[in-house]
Structure formats: structure tokens, C-alpha cells
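Accompanying notes for the structure given below.
Protein chains: 2
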Amino acid sequence: MIRKPKKPVTLADIAAEAQVTSMTVSRVINNSGYVHAETRERVLRVARAMNYRRNGLARGLKRQRTETVGLVIGDIANPFAAELTRGVREVLEARSYTLFICISEHTAKEDVQAFDSLADHRADGIIVATRASQTANERLEELIDSGVPVSLIGRDFHHPHADLVSADNLKGGYEATSHLIDAGHRRIGFIGVSLTQGLRLRRFQGYLEALKQHGLSVDEQMIVGGHEASDQMPGYSTEEMGYDGMVKLLELEQRPTAVFARNDFTALGALNAIKRAGLRIPDDIAIVGYDDVPLAQHTSPTLTTVRQPTREQGQCAAEFLLNRIEGDSEQERVERTFECELIIRESTAQKQADFPRSEAV
Amino acid sequence: MIRKPKKPVTLADIAAEAQVTSMTVSRVINNSGYVHAETRERVLRVARAMNYRRNGLARGLKRQRTETVGLVIGDIANPFAAELTRGVREVLEARSYTLFICISEHTAKEDVQAFDSLADHRADGIIVATRASQTANERLEELIDSGVPVSLIGRDFHHPHADLVSADNLKGGYEATSHLIDAGHRRIGFIGVSLTQGLRLRRFQGYLEALKQHGLSVDEQMIVGGHEASDQMPGYSTEEMGYDGMVKLLELEQRPTAVFARNDFTALGALNAIKRAGLRIPDDIAIVGYDDVPLAQHTSPTLTTVRQPTREQGQCAAEFLLNRIEGDSEQERVERTFECELIIRESTAQKQADFPRSEAV
DNA sequence: TCTCCGCCTGTTATCGTTAACTTATTCAGC
DNA sequence: GCTGAATAAGTTAACGATAACAGGCGGAGA
């Protein structure tokens with residue numbers, strides 16, 4: 001009679017039951033080495049009957065790799081992170097690695113905790129997609145120095161042995177802003193950063209750059225909505241930031257005729273604030289978002305935005321990482337920047353009927 | 362000279378350097394047992410200098426627990442999952458467990474993979490928040506039978522040794538629908554399920570129940586938007602489902618005067634479809650969502666919806682799980698159902714000015 | 001002086017798996 | 001019949017950490 005013990009079944013248990021040694025069982029389980037067909041059958045039967053699950057700890061300890069990759073993201077519930085994850089997963093699954101995700105809620109402390117957890121549990125490599133911070137960068141450097149393969153997505157941090165994937169958000173921000181300028185706008189607000197803090201945000205730099213290039217001056221009053229706390233960031237509820245920011249802009253004596261929002265959710269908040277105020281989009285105020293979340297094509301008006309190839313970034317980061325894991329962890333760093341694409345929709349259309357209006361998908 | 366080897370530093374390495382045995386180093390690292398203050402200092406100094414990271418595999422193997430919990434969710438990029446995760450994390454962190462998240466993208470196969478990965482890597486327990494499926498349920502049962510502590514959130518699966526946390530979505534759906542009926546609506550559509558598949562969705566059952574209780578008949582034409590494929594579900598892009606579903610409803614000869622959407626994103630899609638068609642909300646069509654995502658209070662009109670205490674569910678599931686982990690894994694199952702709350706906003710308001718309109722937050 | 005207990009450290013064995021090596025057995029080819 | 005390759009197992013020793021036990025030492029109390 002085969003028992004179903006509370007203590008997890010081990011190779012030795014199966015071996016005893018099947019009248020072989022645990023080495024043979026191991027060979028069967030891993031499909032390696034020579035095992036007689038009959039023996040294999042018998043062992044498999046017993047293993048199944050006993051509901052065997054292999055012990056990844058022991059296995060990993062002995063083999064010195066776990067076939068596991070960690071992904072650290074700051075914010076779940078964010079279409080960007082979701083799409084990134086999807087890309088990462090696709091590649092990992094194809095190469096039969098397991099993905100464990102750690103969330104850091106955008107705080108440096110939790111970032112570090114996530115790194116440590118993954119390193120302690122001997123993930124074979126780590127993909128980091130959180131925003132950079134002093135503390136976290138230091139720990140990251142230690143990890144990389146000690147040989148942990150790391151691949152970074154859109155993170156402002158450089159290390160000779162960590163690969164880097166990013167989107168050209170500087171250019172994206174530049175193009176979004178230029179688009180507004182080309183449409184004749186001269187008073188263009190930015191929602192979603194504080195002036196000081198925003199300098200680390202490429203899309204905001206692109207905004208500044210575009211203004212400068214076109215000979216427009218920067219009006220500090222028109223930059224709204226940043227959180228001043230440096231190590232704490234909000235979750236996905238950035239439409240609140242967009243709403244509040246827009247309200248502030250509308251209260252200005254000379255309100256902007258266009259706004260560039262840090263991301264689509266912020267843009268959505270702003271969009272609703274504008275509607276509430278009884279103004280029309282884009283006639284009274286034009287608006288551009290960033291990220292091209294799925295919702296952006298379902299709002300009314302539909303949202304002009306900048307698309308970055310998110311899934312591709314995830315795939316690329318995963319590929320870089322796997323190459324490093326399976327190659328030399330200290331090999332030269334690889335870097336790849338993806339182009340962004342301005343997607344023009346109704347929220348910045350030149351001539352525009354009133355909203356709501358009838359039909360037209 | 363202390364080297365920084367490519368091979369990870371072990372206790373033995375530190376021990377050699379600090380002229381003690383690895384047992385002493387272990388005691389220092391874990392702050393357990395007696396260690397002379399001077400020795401402790403010396404060991405710590407060496408450990409830091411060598412950039413020691415403990416090996417969770419070896420540690421876990423020996424101690425037979427990893428202080429790690431796995432969370433399986435179907436869909437990242439979903440405010441519901443995010444909030445749930447937040448609740449789970451809060452509790453785990455307070456009791457110093459590490460959380461690893463696995464995404465299953467709503468397929469049974471990936472669900473099973475996630476369970477296996479977590480079980481293989483000897484997570485101390487698993488929280489499951491994905492939708493039930495035949496295959497996955499079977500594997501889940503095996504795991505629980507073999508002693509893995511499991512706690513379920515809103516999953517249609519029962520087992521004597523797995524705790525269960527859920528929201529009363531039947532009642533939530535009932536109340537949402539009743540709210541519409543009370544407001545005088547008689548033709549009420551449902552967006553987001555197929556009639557057959559929807560029977561597993563409590564909030565849809567609540568809808569049916571409410572119609573029945575109020576003597577209204579179910580019109581199959583008014584139930585739209587389900588995916589027929591049973592093991593595959595879409596990601597977050599359910600606003601598309603909402604949009605398309607609403608378009609179908611609007612094409613009916615007798616279109617509904619109100620719709621209940623399976624979740625807020627679906628509702629948002631529907632909302633935009635209605636606006637596109639030049640109809641007014643709630644005057645022409647009233648609409649109710651589900652989940653109360655943050656965005657729901659920032660749309661125009663703001664969205665009537667059903668709030669479920671999401672974070673609390675996460676916390677509760679985590680607490681149940683930890684009790685099971687630290688107690689008896691085969692103890693009697695605990696169950697807890699949270700009440701939902703109907704949040705009435707503009708999209709179902711009785712009398713309503715046109716949108717967009719001026720002011721009023 | 002002797003005993004006992006609190007401190008500090010070391011020794012041993014083990015968690016479950018597998019790499020590397022060893023031992024048989026079989027059988028084709030000369 | 002002999003050689004050597006292919007097949008089919010078993011044996012041993014780790015992987016890195018720690019629980020359990022075993023001293024040794026010093027000092028308080030009898």
C-alpha cells in the first residue's frame with residue numbers, strides 16, 4: 001500500500017517503493033542517462049501514485065541554478081507594466097524559465113527588498129523595471145558586481161555588466177510637444193511632474209527641449225501635478241493627479257491651449273476636468289497623453305498619445321538576460337533603445353466637431 | 362586581502378576569513394544563540410566586506426520552510442488584482458514573509474504552471490485568485506491534499522483544507538440590477554458574458570435573480586459580449602468588450618434603457634459607445650459598472666458601480682494563509698464573505714443635466 | 001573545594017538532489 | 001572467444017545552511 005505522507009515525498013521514498021536507488025529515480029524524473037524502459041515505467045507509476053513534486057530547493061542548490069527569473073516592477077495595475085510582463089513571460093516560457101514577480105510600489109526600500117529576496121532565493125537573473133533611486137541603485141550595483149545577471153528596462157542606471165532596454169522617451173516627449181506646437185499652440189502645459197523632480201523624466205525633458213527648439217519660453221506655472229516626496233510614488237491612480245493638475249491649469253489667468261500629460265491616465269483625468277469645466281477638446285484645449293493604453297482609443301474624444309513598443313521591450317530585456325545567464329555574466333553590456341510613435345487621434349485633431357456627436361467609430 | 366569571488370560567498374568562506382567555524386557565522390547572521398560581542402563584530406565586518414548574501418535554497422532546504430508565499434493572479438494591469446496584491450503584501454510584510462507573484466493570463470495551463478512553480482520552489486503557501494477551471498482545480502486539489510497551505514480568493518472551488526475569501530458578488534449584482542429596476546428601468550442589458558458561460562459569474566447570477574424577483578423576463582438578446590472560448594480570457598482590454606457589446610445593444614430594435622456591465626472597464630467602453638451614438642447618460646441609457654476602480658469617479662458622467670472591499674480580501678486571505686502555515690496545514694477550513702456596496706453616481710442618477718456641463722466635482 | 005549554570009564555540013549529521021565515478025551486463029564485430 | 005562500446009544500474013560526495021549535541025571556561029553559591 002502506497003501512503004500519501006504529510007511530509008513531502010522524496011526521491012528516496014519513491015526509490016524504496018520502486019526497488020531502485022534514488023539516482024535511478026532522478027534519472028527517470030529528469031529524463032537523463034540510461035534507464036531500462038520497464039524500470040522507467042515502474043518508477044513513473046510510483047512517482048505519480050505518490051504525487052511526487054520535486055524539491056526545487058535541493059535541486060537548485062545542487063545544480064547551482066534554478067531556472068527562475070525575477071521581475072521587479074513598481075506598479076502592478078498599470079497597462080504598461082502588464083504589457084512589459086507579457087513580453088518577458090513569452091520569452092521566458094519559450095526557454096522554460098519560471099518568472100517570479102516582485103512589486104515594489106515605487107519605494108526605494110521595497111525595491112531593495114525585492115532585489116534581496118530574488119537574490120537570496122537564487123533567481124538566475126533579475127529584470128528591473130522600477131524607477132531608479134539612490135539606495136536601490138547602490139544595492140543593484142552590489143548584486144551585479146557579485147555576478148548576478150541583471151537586465152534593466154527604462155531605468156536610469158548604468159553598469160558595465162547590466163544590459164539596458166529603453167524607449168526613446170526624450171524623442172517621444174519632443175514629438176508630442178512639437179505636434180502641439182505645429183498645430184499652432186503656444187501655451188502648452190505639462191501635467192504630472194514637479195519642475196525639479198521632472199528632470200529625471202525623459203518625456204518631460206523632451207517637452208522642455210521642444211519648447212526651447214521652437215523658441216518658446218517655459219512657464220513654471222504651467223507645470224503641475226508632481227509629488228514632491230522623492231521616495232514615494234502613487235499607484236495607478238494618476239488620473240487623480242491629472243484631474244487636479246488640470247483644475248489648477250484652468251484657474252490660471254492665461255490658461256494653456258494645450259496640455260501634455262505624463263501618461264494616459266493622467267491625460268484621462270485632465271480630459272475629464274476639461275469636460276467638467278464645460279470646455280471642448282480639442283477646440284478649447286488640446287491634449288496629448290503617453291503610453292497608448294488600450295483605453296486611449298475608447299475615450300471620447302479619443303486620445304492622441306505616444307506609443308512605445310512595450311511588449312517588445314519586455315521581450316528584449318528577457319532575451320538579453322537569458323543570454324547573460326547562459327553565457328558569461330560579466331560579458332560586455334548590450335543596450336537597445338526602441339523608437340516611440342506619435343499616435344494622432346481626436347484630442348488634438350485640427351478641426352473637430354463638438355462632443356458628444358453622432359456616430360463615427 | 363579579501364577577494365570578491367565570482368562564485369557566491371558562503372558561510373564557510375566567511376568562517377575561514379574570520380577564523381571561526383561556519384556555525385558561528387550562521388549564529389551571527391541569524392542573530393541566534395550565544396556569540397561573543399567581539400566575534401560578532403569581526404564576523405559581521407568580514408561578511409559585509411565580502412558582500413555575503415545568504416543562500417535561500419540551502420537555508421530553505423535545511424529549515425523546511427522558505428518564508429515565502431506565492432500569489433497567483435490571472436491578470437496584472439487590473440486595479441482589482443493590484444488592490445488585492447496590496448492587501449496581501451501588507452500582511453505578509455508585517456510578518457516578514459516574501460511575496461512572489463505568478464501571472465496566469467487567465468489560462469488553465471498557465472494556472473497549473475504557476476501552482477507547480479510555486480510548489481516546486483517550496484513556497485510555504487499559495488494564495489490563488491484566478492478563475493476556476495477543471496484542470497487547474499484538479500491540480501490544486503492534489504497540492505492541498507499533499508499538505509500545501511492554500512488560501513483562495515473569489516474562486517469557485519471548495520476543499521476542506523483550503524480557506525476561502527470572497528465578496529458577495531451575487532448580492533452585489535442583485536443590488537446593482539435592483540437599483541436600475543427601482544429607477545423604473547424595465548429593459549436592462551448585461552455586457553460582458555455569454556449566457557452559458559456567465560452562469561459561473563456570481564454578479565451575473567445576481568442580475569438574473571433580480572430580474573426574476575421583480576417579475577421581469579430575461580431577454581437573451583440583451584446579454585452580450587462573452588468570449589466563448591472557455592480556457593482563454595482577454596487581459597485588461599475589456600473596455601473593448603464593453604464598447605463592442607454596447608454597439609450590439611444599440612442596434613437592437615428595442616434597445617435597453619439601462620445596462621449592467623460586468624466590470625468598470627467594460628462599463629467605460631459601453632459608456633463611450635453610448636456617447637459616440639449621440640445618446641445621453643443616464644437620460645437615454647443608464648449604466649452600472651462593478652469594482653469601483655479609481656477611474657470610475659473621474660469619468661464623465663461619473664460611474665455608478667459596486668465596490669467590493671478588495672484590499673481587505675487580500676489581507677484576509679493572507680492572514681488565513683499564515684495561520685495555516687504557522688498552525689496545522691490540515692486544520693478546518695475558514696471562510697469569509699465580504700459585503701459589497703452599491704455606489705451611486707451620475708451614470709444612474711434620476712434627474713440629470715446634460716453632459717458635458719459646467720462645474721460640480 | 002566542588003558543583004552547577006550561563007556563556008561561547010565547535011562537531012556532526014542532515015535537508016533532497018544530482019554530478020561524477022564505478023560496477024555489471026549485454027552484444028556486435030573480428 | 002576476446003575487445004570494446006553501449007546500456008543499466010549503484011555508490012559517493014557534494015551543494016550551503018543549520019539543528020542538535022558536545023564540550024570548555026569562568027564564576028557564583030554552598
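Protein chains in written order, with the numbering used here: chain X, 1 to 361; chain D, 362 to 722.
In this text, a Cβ means the ideal position worked out from N, Cα and C, and glycines have one as well.
Small disclaimer: the values here were computed from a predicted structure and weren't measured.
- The continuous beta strand (DSSP E) containing R336 (chain X) extends over residues E335 to F338.
- Between P662 (chain D) and P643 (chain D), the alpha-carbon positions lie close to 8 Å from each other.
- Under the 9 Å criterion on CB atoms, H659 (chain D) is classed as interfacial with respect to chain X.
- Against chain D, the CB of D284 (chain X) has no partner CB under 9 Å away; the residue lies outside that interface.
- For I344 (chain X), same chain residues with a beta-carbon under 8 Å away, outside a window of 5 residues either side, are H179 and T304 in chain order.
- Taking 9 Å as the CB threshold, E612 (chain D) stays off the interface with chain X.
- The shortest C-alpha to C-alpha distance from A47 (chain X) to any of X:Y34, X:A58, X:I287 and X:T24 is the one to X:T24.
- Within chain X, the residues whose beta carbon sits less than 7 Å from that of G630 (chain D) are H298, listed in sequence order.
- For D264 (chain X), the enclosing alpha helix (DSSP H) covers residues D264 to R276.
- Unbroken alpha helix (DSSP H) runs of no fewer than 4 residues, entirely contained in the region 292-338 of chain X, are found at 310-326, following chain order.
- Contact between the region 507-517 of chain D and the region 473-490 of chain D is present: 3 or more CB-CB pairs across the two stretches fall below 8 Å.
- Close to I464 (chain D), with beta-carbon spacing below 9 Å, are these residues of chain X in chain order: A82, T85, R86, R89, L99 and I101.
- About 6 Å separates the Cβ atoms of V433 (chain D) and S465 (chain D), confirming a contact at the 8 Å cut-off.
- In the three-state DSSP reduction, V165 (chain X) falls in the strand class (E or B).
- Per DSSP, the unbroken beta strand (DSSP E) holding E341 (chain X) starts and ends at E341 to I343.
- Taking a 10 Å sphere around the C-beta of R450 (chain D), we find 16 or more other C-beta atoms and assign the residue as buried.
- The continuous alpha helix (DSSP H) containing F476 (chain D) extends over residues A469 to D481.
- In this structure, X:E319 is the residue among X:G198, X:Q313, X:A210 and X:E319 with its C-alpha nearest to the C-alpha of A94 (chain X).
- By DSSP's assignment, I462 (chain D) forms a beta bridge with X:I101 and D:L432.
- Three or more beta-carbon pairs drawn from the region 205-225 of chain X and the region 172-188 of chain X are found closer than 8 Å, and the two stretches are therefore classed as touching.
- It is roughly 6 Å from the alpha-carbon of A114 (chain X) to the alpha-carbon of C102 (chain X).
- Residues are counted here when their Cβ sits less than 8 Å from a Cβ of chain D; for the region 321-333 of chain X these are S329 and E330, given in chain order.
- Between L57 (chain X) and chain D, the shortest Cβ-Cβ separation is below 9 Å.
- Comparing C-alpha distances from E326 (chain X) to each of X:T348, X:R155 and X:R65 shows the shortest one belongs to X:R65.
- By the Cβ criterion, the region 166-173 of chain X is not in contact with the region 238-255 of chain X, since fewer than three pairs of Cβ atoms, one from each stretch, lie closer than 8 Å.
- The three-state reading of DSSP puts S387 (chain D) in helix, counting H, G and I together.
- Each of X:P160, X:R187, X:R155 and X:R59 was checked against the Cα of E253 (chain X), and the nearest Cα belongs to X:R187.
- Between G606 (chain D) and H298 (chain X) a beta carbon distance of about 12 Å is seen, past the 8 Å cut, so the two are scored as non-contacting.
- Shown here for V293 (chain X): same chain residues with a beta carbon closer than 6 Å to its own, the five before and five after excluded, namely P79 and D264 in chain order.
- Under the 10 Å beta carbon count, Q495 (chain D) is surrounded by fewer than 16 other beta carbons and is classified as exposed.
- Taking 9 Å as the cut-off, the Cβ atoms of G553 (chain D) and R623 (chain D) count as close.
- Among the residues facing chain X, Q495 (chain D) is not included, as its CB has no counterpart in that chain under 9 Å away.
- One thing to note: A484 (chain D) has its Cβ no nearer than 9 Å to the Cβ of F518 (chain D).
- Residue-level contact by beta carbon holds for N439 (chain D) and chain X, with a gap shorter than 9 Å.
- For F204 (chain X), the enclosing alpha helix (DSSP H) covers residues R202 to Q213.
- Judged by DSSP in its simplified three-state form, A261 (chain X) adopts strand.
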